[in-house]
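Presented below is the structure to which this report refers.
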Amino acid sequence: MNIAFFSTQKYELPFFEQSTRDYSAIKITYFEQALSEQTAILASGFDAICVFVNDTVNTAVIEQLASQGINTILLRCAGFNNVDLPAAKAHKIKVLRVPAYSPEAVAEHCIALMLTLSRKTHKAYNRVREDN
4 MNIAFFSTQK
14 YELPFFEQST
24 RDYSAIKITY
34 FEQALSEQTA
44 ILASGFDAIC
54 VFVNDTVNTA
64 VIEQLASQGI
74 NTILLRCAGF
84 NNVDLPAAKA
94 HKIKVLRVPA
104 YSPEAVAEHC
114 IALMLTLSRK
124 THKAYNRVRE
134 DN
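Using the numbering used here, the letters of the sequence shown correspond one by one to residues 4 to 135.
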């Protein structure tokens, strides 16, 4: 299966590559660009696309994807409000998403950010980096 990954950040690549190392049938091509009506042409020749929260997967994009033979849209997130599900269903495109994520991790991250702000860690980091 050939998959086009949109909105890919450089720091994500090692994790994606490690996760698919044992699956020789999967070939991934990474695009930094977000999926949109202008970039949907990049999906030509692929079986599936993988998108993130800021990608546009509206009716126009889905029509382009369907005309290029895309049969699956994979979401790297739990939410799917950026996907026109009725349009995907009408074009017989499967939409798969992350079923859930850890609410505890979200809460822990929130507390960590609050501690960073209250202790001014972000300012201290910059001062240490600048030898101040």
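For glycine and all other residues, C-beta sits at the position ideal for the given N, C-alpha and C.
*Cα-Cα separation between Tyr33 and Ser105, rounded to whole angstroms*: Tyr33 and Ser105 have their C-alpha atoms roughly 26 Å apart.
_Taking its Cβ as the centre, do 16 or more other Cβ atoms sit within 10 Å of Ala93, making it buried, or is it exposed?_
A residue is called buried when at least 16 other Cβ atoms come within 10 angstroms of its Cβ; Ala93 does not meet this threshold and is exposed.
*Express the C-alpha separation of Cys80 and Tyr14 in angstroms, rounding to a whole number.*
Those two C-alpha atoms are separated by around 17 Å.
*Length-filtered (4 minimum) alpha helix (DSSP H) runs lying within the stretch 10-48*: Listed in chain order, they are 16-23.
*For Ser27, which option in Ala37, Asn5, Ser47 and Leu16 has the closest C-alpha, if you only look at C-alpha atoms?*
Answer by Cα proximity: Asn5.
*Sequence-distant residues of the same chain with beta carbon closer than 6 Å to Gln71, five excluded per side*: Correct list, in chain order: Ala46 and Ser47.
_Residue environment, Val54, which counts as buried when at least 16 other CB atoms sit within 10 Å_ = Val54 is buried by the Cβ-count criterion.
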